[in-house]
Each structure stands twice: as C-alpha cells, then as structure tokens.
Ligand SMILES: [Fe+2]
Ligand SMILES: [Fe+2]
C-alpha cells in the first residue's frame with residue numbers, strides 16, 4: 008500500500024516535493040508516537056498531503072470545479088491554497104483513500120481550521136517542521152513540538168500569519184479561526 012502510494016506520488020511531484028513528502032512522513036511518525044493515532048494512517052496522510060502541489064493555478068481551479076469544491080474569493084486570488092482541498096480529493100479518487108481523517112488532514116493542512124483533530128494537527132505541524140524547512144524560528148518550533156505540542160501549533164500559525172502579512176496577502180478566514188481556537192483552548 009505505502010510503496011504503491013510512493014510510486015504513484017513520485018510520478019506526480021518534483022523530486023524536491025517528493026523528498027519533502029518523505030520528510031513530513033518521518034517527522035509525522037515521530038510526533039504521532041506521542042498520541043493515540045493510527046500511525047499507518049498518519050503515514051498515508053503525510054505522504055499525500057502535497058499530492059496536488061505540482062498542479063498549476065489553472066489546473067487547481069479546474070480540479071476544484073471538477074470535484075465540486077466551493078472556491079472562495081481568497082482561494083481565487085491565491086489558487087495555491089487549493090492544493091489542500093484538491094489534494095484531499097485526489098487522494099480519494101486517484102489513490103482510492105476513503106478515510107475521513109486522512110481526507111481532512113490533507114484538506115486543511117495549509118490553512119488549519121478550528122476544532123482540528125489531533126490527527127489533523129500532527130500533519131499540519133509535521134509539514135511545518137519537516138527537515139527541509141529552514142525559515143527563521145523553525146528550530147524553536149521543532150523543539151517545542153515535543154515539549155508543548157499545542158504551543159508549537161500556535162507558533163506555526165503565527166509564523167504563517169506573519170508570512171502572509173509581510174507579503175500583504177489576504178488572510179484566509181480558516182487560519183484566523185484556527186488561531187483563535189488555539190488561543191482559547193490554551194486558556195488565553
Ligand atoms: Fe502543502
Ligand atoms: Fe507540505
């Protein structure tokens with residue numbers, strides 16, 4: 008199963024993105040050990056999280072239409088945001104993965120969302136701290152990931168927001184909801 012997925016994925020992604028997917032798998036497995044999650048499912052979600060990443064903006068918009076994804080204004084302006092939702096459907100229809108946890112983890116791995124499950128959070132954070140990432144502050148988040156998982160998520164979300172704000176890009180509402188939810192569940 009995993010080997011088949013890897014083989015197909017290799018054909019869909021650039022080498023750099025394929026390596027990133029393997030790196031996300033590795034760190035997701037490390038993170039997943041600390042929680043009651045199905046590690047086989049974590050493997051699949053990690054491997055497939057960016058399966059739509061090599062699609063062009065037009066291809067993402069076309070696929071979103073094909074799959075009946077409702078594209079919001081922000082996604083229209085920044086179609087790369089659709090690689091999560093479209094990737095979730097590709098996993099379902101092209102890889103035959105029917106599992107809902109995997110679907111949602113892939114769907115929301117870029118924006119986050121409120122009420123994320125631990126499964127979704129592991130994929131989100133693993134994507135953020137995979138070994139190929141080298142943005143400022145990544146080391147701190149990597150460390151935090153094993154000391155204080157929730158705080159590491161908040162730092163990741165903040166880092167995404169800073170990135171978006173510094174580039175004057177619109178913030179996706181799901182990311183705001185994700186951050187508020189993280190703060191509130193942390194008692195802030
Ligand atoms: Fe991604
Ligand atoms: Fe990724």
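Residue numbers (this note's numbering): 8 to 195. Cβ coordinates follow ideal geometry from the N, Cα and C atoms, glycine included.
Taking contact to mean at least 3 C-beta pairs separated by less than 8 angstroms, is the region 109-121 in contact with the region 185-194? yes
Which residues have a Cβ closer than 7 angstroms to any heavy atom of ligand 1, listed in chain order? 56, 57, 60, 90, 91, 116, 117, 134
Quick one: what does DSSP say residue 42 is sitting in, helix, strand or coil? coil
Between residue 175 and the rest of its own chain, which residues show a CB-CB distance below 7 angstroms, the 5 nearest in sequence each way excluded? Listed in chain order, the non-local C-beta contacts of residue 175 below 7 angstroms within the same chain number zero, local neighbours out to five positions each way being set aside.
Residue environment, residue 14, which counts as buried when at least 16 other CB atoms sit within 10 Å: Note on residue 14: under 16 other CB atoms within 10 angstroms of its CB, so exposed under the neighbour-count rule.
Cβ-based burial, residue 173 [other Cβ within 10 Å; buried from 16]: Under this definition residue 173 is an exposed residue.
With a threshold of 6 angstroms on Cβ separation, who are the neighbours of residue 92 within its own chain once the five nearest residues in sequence on each side are excluded? 76, 114
Once DSSP output is grouped into helix, strand and coil, what is the label at residue 141? coil
I'd like the list of long-range same chain contacts for residue 16, defined as Cβ closer than 8 angstroms, with 5 residues on each side in sequence excluded. 25, 28, 54, 55, 58
Pairwise C-alpha distance: residue 18 and residue 90: 17 angstroms
Does DSSP put residue 101 in a helix, in a strand, or in coil? coil
Cβ of residue 61 within 7 angstroms of Cβ of residue 20? Contact flag set, yes.
Using the rule of at least 16 other Cβ atoms within 10 Å of the residue's Cβ for burial, across every protein chain shown, is residue 155 buried or exposed? exposed
For residue 147 and residue 162, which I take to be in contact (beta-carbon distance under 8 angstroms), what is that distance rounded to the nearest angstrom? 7 angstroms
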